[in-house]
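First the structure, in the form of structure tokens, and then the observations on it.
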Amino acid sequence: MVKTHLCQNNIRNSISSKIKRITQARSIYLQMNILGISAGFHDAAATVISPGGEILFAGHSERYSKNKNDADFCQGLLDDVLEYQPDVVAYYERPWAKQLRQWYAGQGIEWNKLTTRQILRQQLGGKIDPERVHSFNHHLSHAAGGFQTSPFDRATVVVIDAIGEWDTVSIWAAEYDNSGRAVYQRLWRQVYPHSIGLFYSAVTSRAGLKPMDEEYILMGMAAYGERGFGELMSQDLVEDAWKIKFKKNLHTGLEQRYLSYISDVDLAAGAQDLVEDLVMNVMHRARGHGWSKNLVYMGGVALNCSANRRLGELFDNIWIMPCPGDAGSSLGAAALAHGGRIAWRNAFLGHDIPGAYPVNAILDHLVDRGIVGVASGRAEFGPRALGNRSLLADPRGSTIKDQVNEIKRRQQFRPFAPVILEELAHQYFDMPRGWHHSRYMQSVARCRSPELFPAVVHADGTSRVQTVTRDGSGIRELLEKWYVMTGCPMLLNTSLNIRGEPMVNDRADADRFEALYGVKVCS
Ligand SMILES: [Fe+2]
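So the sequence shown is numbered by my numbering: it starts at 166 and just counts up by one.
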């Protein structure tokens, strides 16, 4: 026991001494707002951080342009960003390194995207002329977006995505130094083309879905599939599951005839099982470094809330920033330029629809019609509606799921999520180990009474739970009053969007939604 403790201390001291050589902090910007940018390739986003570490704004280009996964800045996003007059710009990756990898991958070189300043000229159109420009490593930006918004002083950071520059999986030791600056030491990595994210996207495409977009639909399909094909896929595709090495480059996808004798749901189930095994291998490796039992998990694969339920088997505390993909790295790059801890309060950071949260109007419509939209306050940063751009419904009864699906015109098999008073969540859901709460729908949990809430329970008995703490938010007040009125502490919550479009952003979008679907949207 003593020996183990000493050994862990030695590892920690040795890593600490290395960490001091890798300071990323740039906290010389005492009077300047910092603009973090993720743009030029997919899911363009911007974050503005104040000199004091407050997040002044964080938003997605697609919400303004209505072009899903919009790769580029648009005028609406620029207008909102310009209100904060940033003097420093931080870019989320190193363009020349990415171009080198693209050349290696046979994608050619985009000569007009070789430097950060070239890209900023294209994205910002000369509207912002920063005094200073920085660009950071792609996976380090992911890591910083997680660690510097987390409640932890020290954490093991794991990043798993499809691909940025070269890294596809990375593990970091993170802590703050005596001056409060975040410092990172990379402990392990895997590089292109060996990528968990590229594997999952290849199966997404093979199942007839849109890769780099509809992976969440593949995850939902998995609950209907036969188990057992994950092992077969592993034998076919994986060379070394511990090192995350694949037998072939899946960047170009899987052949359409691959496993064509099984159904798409079986394919989805196999992919989910294999992804979970690979993710847990990475987590075992991360835990094995002995740095910290606090886990910060980032990268697009961290959106797989089914796989995330297992993270507590290895870590005591878990933080997944609600926008862990590349859009969230706009925040990560800004955090690296800032250097210190970022004051994280909630995910309501985007475009503002001013006015008090319309609690009473929402309740009236819920009682009358059972379904109501809400577009109020600042839009969510990240892919999930958390109450400010939501379609809400009474989760009880057997017909509500079909009614909401009819409005959203989406696949009937897909479940909806419950939003619940946090202190009552454990009475209704068996929260997985390590998940003390799930404020941004980061994990699934088994529903204790699925027969009472069929609209928010998936075929496998789980729900993608959103717990709401006493944070003074509008959705919290709404749930409290709904509970007093009905005895039910939860609502069905799904994103407020017109089919094929991103989430509603402003009141004009909400008006279009009302006109198209005949459902009231309260502001
Ligand atoms: Fe990424």
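Quick reminder that beta carbons are idealized off the backbone N, C-alpha and C, glycines included. Just so we're clear, the structure is a prediction, and the values are computed from it rather than from any experiment.
Go through the stretch 228 to 273 residue by residue and report every complete run of the alpha helix (DSSP H) that reaches 4 residues or more, in order.
240 to 247 and 260 to 269
In this structure, how does DSSP classify T281 when only helix, strand and coil are distinguished?
helix
How many Å lie between Q196 and G217 at the Cα?
Taking the straight line from one Cα to the other gives about 9 Å.
For the beta strand (DSSP E) holding D517, just list the boundary residues, first then last.
F513 to I518
Tell me whether T564 is buried or exposed, calling it buried when 16 or more other Cβ atoms sit within 10 Å of its Cβ.
exposed
Measure the Cβ-Cβ separation of G465 and A436 and say whether it is below 9 Å.
no
Is DSSP giving T651 helix, strand or coil here?
In the displayed model, T651 falls within a helix according to three-state DSSP.
So for N525, helix, strand or coil by DSSP?
helix
Look up C470 in the DSSP assignment and say whether it is helix, strand or coil.
The answer is helix: DSSP assigns C470 an H, G or I state.
Give me the residue from N302, A209 and S660 with the minimum Cα distance to M606.
Closest in alpha carbon position to M606, among N302, A209 and S660, is S660.
For ligand 1, is there any heavy atom lying closer than 8 Å to the beta carbon of G465?
yes
Label A433 either buried or exposed according to how many other C-beta atoms from any shown protein chain fall within 10 Å of its C-beta, with 16 as the threshold for buried.
With 16 or more other Cβ atoms within 10 Å, it is buried.
What three-state label does DSSP hand K573 in the structure shown?
helix
Quick check on the DSSP output: what are the complete alpha helix (DSSP H) runs of length 4 or more inside the stretch 574 to 644, in order along the chain?
590 to 593
Could you check whether the stretch 249 to 258 touches the stretch 291 to 305, counting it as contact only if at least three pairs of C-beta atoms, one from each stretch, sit closer than 8 Å?
yes
Quick one: measure Cβ to Cβ for I518 and G542, integer angstroms, because I've assumed they're closer than 8 Å.
6 Å
Roughly how many angstroms separate the alpha carbons of G538 and S555, rounded to a whole number?
6 Å
Sorry if obvious, but does the Cβ on S495 come closer than 8 Å to a heavy atom of ligand 1?
Answer for S495: no, Cβ out of range of ligand 1.
Report yes or no: do three or more beta-carbon pairs, one from the stretch 301 to 314 and one from the stretch 448 to 455, lie closer than 8 Å?
no
Just how far apart, CA to CA, sit R561 and R506?
Straight-line Cα distance between these residues: approximately 42 Å.
Would you mind reading off the limits of the alpha helix (DSSP H) that contains L415?
Unbroken run through L415: none, as it is neither H nor E.
Okay, do the stretch 360 to 372 and the stretch 410 to 430 touch, 3+ Cβ pairs below 8 Å being the bar?
yes
Buried or exposed: where does I187 fall if 16 or more other Cβ atoms within 10 Å of its Cβ makes it buried?
The predicted model places I187 with a pLDDT of 48, which falls under 50 and marks its position as unreliable, so this point remains unresolved.
So for T188, helix, strand or coil by DSSP?
Low confidence applies to T188: its pLDDT is 42, below 50, so where it sits in the model is not reliable, and the reading given next is rough at best. It is a strand residue.
Look up D318 in the DSSP assignment and say whether it is helix, strand or coil.
coil
What would DSSP say about L656, mapped onto helix, strand or coil?
strand
Taking a contact to mean a Cβ-Cβ separation below 9 Å, would you say A620 touches P580 in this structure?
yes
How do the stretch 401 to 412 and the stretch 344 to 351 stand: do at least 3 beta-carbon pairs fall below 8 Å, yes or no?
no
Between G310 and ligand 1, is there a pair consisting of the residue's CB and a ligand heavy atom that are separated by less than 8 Å?
no
Using only the alpha-carbon positions, how far apart do E380 and P523 sit?
33 Å
Considering only the alpha carbon of each residue, which of M486, L479 and D438 lies closest to V700?
Beyond the ends of the chain as shown, which are 166 and 688, falls residue 700; an answer cannot be given.
Quick check: does the Cβ of H304 come within less than 8 Å of any heavy atom belonging to ligand 1?
Answer for H304: yes, Cβ within range of ligand 1.
How about M377 and H207: are their beta carbons less than 9 Å apart?
Yes, the pair counts as a contact, with Cβ atoms nearer than the cut-off.
Do C488 and G535 have their C-beta atoms closer together than 9 Å?
Not a contact, by the Cβ cut-off of 9 Å.
For my contact list, G490 and L476 are in at a C-beta cut-off of 8 Å; report their separation, rounded to the angstrom.
Actually they are not in contact, since the Cβ atoms of G490 and L476 sit about 17 Å apart, beyond 8 Å.
Using the three-state DSSP reduction, which class does M486 fall into: helix, strand or coil?
coil
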